[in-house]
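Worksheet: one structure, shown below.
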Amino acid sequence: MASNEILIEVRGLEKSFGPLRVLKGIGLAVKNGEVAALLGPSGSGKTTLLRCLNFLEKADAGTLRIGNEEADLRNISRRRILALRRRTAMVFQNYDLFLNKTVLENITEGLVTARRVPKAEAMDRAARVLEQVGLSDKLDARPYQLSGGQQQRAGIARALAVNPDLILFDEPTSALDPEKVKEILDLIRAVAKSGVTMIIVTHEMEFAWEVAGKIIFMDNGEIVEEGDPKQVFGSPRHERTRAFLSRFTGTKPPEYFI
Ligand SMILES: Nc1ncnc2c1ncn2[C@@H]1O[C@H](COP(=O)(O)OP(=O)(O)OP(=O)(O)O)[C@@H](O)[C@H]1O
Ligand SMILES: [Mg+2]
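Now the structure itself:
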């Protein structure tokens, strides 16, 4: 797929929890190889959006296209869900590893059971991605024997192991000690350079500024504004975006981000 083609396209995505309308007709498009940073206040629907894109949550309405797989989310077959889901992987804030399994098993398990990858190939892939994230010496460790940063490395390795077209990151560094944040951001930056498309929910504004080709600002279940970092950080079009960003730029001059 050419690098300027749209890899993922969402139209009219709706999600309510009971009476609470959380996603109000979300539309977005991310190009192949692009890194999009998804920003927004707490409760604006960022996690719910990622979960809908990965079918951890069932959307009420909308269309989703990833590559050449397209579906109407209101009326989607199990088979189509599996086909679309296979294209993506998710990295969670709290790592979401199986606590009773080793690092190696955390990576091979999903490949073998959910994705039907032969055991030997799963082992090869796990070895490769664990080396990529710098965890080759922790194959037999269990999550409680790892630091937060190492657990998140394992989480990222698990995502890479499925050879996804798209990785969805939900605040991948927000549970980490400050000194571990940089090493995980450096790892994500390296993965981005390898050409994997990413949507990253983050509050790390400098990282978003530096790594993302596109900033998407969400508030109250809607995408308020999107654009390249220079435009969104430098001259946000909407008052809501400005108010949100001022919380981060307030202590630094605006040029810091430009
Ligand atoms: N399973 C659920 N059942 C009911 N309400 C939910 C559920 N999941 C999320 N919500 C509600 O949906 C809204 C959006 O939540 P979401 O977790 O998507 O926000 P967020 O933007 O990721 O926030 P944060 O920055 O704090 O992680 C919130 O009001 C939340 O309480
Ligand atoms: Mg969230």
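Just so we're aligned: the sequence shown equals residues 27 to 284 in the numbering used here.
By construction, the Cβ of each residue, glycine as well, lies at the ideal position given by its N, Cα and C atoms.
Three-state secondary structure (DSSP) of residue i
i       : result
Val-237 : helix
Gly-88  : strand
Leu-130 : helix
Val-222 : coil
Pro-279 : For Pro-279, the predicted model reports a pLDDT of 46, less than 50, meaning its position is unreliable and no value from the coordinates is stated.
Val-36  : strand
Thr-114 : strand
Glu-248 : strand
Asp-98  : strand
Leu-271 : helix
Asp-254 : coil
Ser-162 : helix
Asp-150 : helix
Leu-64  : strand
Val-188 : coil
Val-227 : strand
Heavy atom of ligand 1 within 7 Å of residue i beta-carbon
i       : result
Val-117 : no
Phe-274 : no
Val-48  : yes
Ser-103 : no
Phe-270 : no
Phe-43  : yes
Beta carbon of residue i nearer than 8 Å to that of residue j
i       : j       : result
Thr-89  : Glu-83  : no
Ile-182 : Leu-156 : no
Pro-255 : Val-222 : no
Leu-49  : Cys-78  : yes
Thr-128 : Asp-166 : yes
Phe-195 : Val-227 : yes
Phe-259 : Gly-66  : no
Val-237 : Arg-215 : yes
Ala-185 : Val-61  : no
Ala-109 : Glu-95  : yes
Glu-252 : His-229 : no
Leu-192 : Ile-34  : yes
Lys-145 : Ala-85  : no
Val-36  : Gly-51  : no
Gly-174 : Arg-47  : no
Gln-119 : Ser-220 : no
Rounded Cβ spacing between residue i and residue j (contact assumed at less than 8 Å)
i       : j       : result
Ala-55  : Ala-234 : Their Cβ separation, rounded to whole angstroms, is 18 Å, which puts Ala-55 and Ala-234 out of contact at 8 Å.
Leu-202 : Gln-178 : 7 Å
Val-188 : Arg-141 : 6 Å
Met-231 : Lys-72  : Rounded, the Cβ-Cβ distance is 15 Å, inconsistent with contact.
Met-116 : Asn-58  : Actually they are not in contact, since the Cβ atoms of Met-116 and Asn-58 sit about 19 Å apart, beyond 8 Å.
Leu-130 : Ala-152 : 6 Å
Arg-113 : Gly-136 : That belief does not hold up - the Cβ atoms of Arg-113 and Gly-136 are roughly 15 Å apart, past 8 Å.
Gly-38  : Ala-87  : 6 Å
heavy atom of ligand 2 below 7 Å from residue i C-beta
i       : result
Thr-228 : no
Glu-197 : yes
Lys-72  : yes
Bridge-paired residues (DSSP) for residue i
i       : result
Ser-42  : Arg-47
Lys-57  : Ile-32
Glu-157 : Per DSSP, none; premise fails for Glu-157.
Gly-260 : Gly-260 pairs with nothing; no bridge assigned.
Leu-194 : Met-116, Ile-225
Ile-52  : Leu-39
Ile-242 : Leu-64, Glu-252
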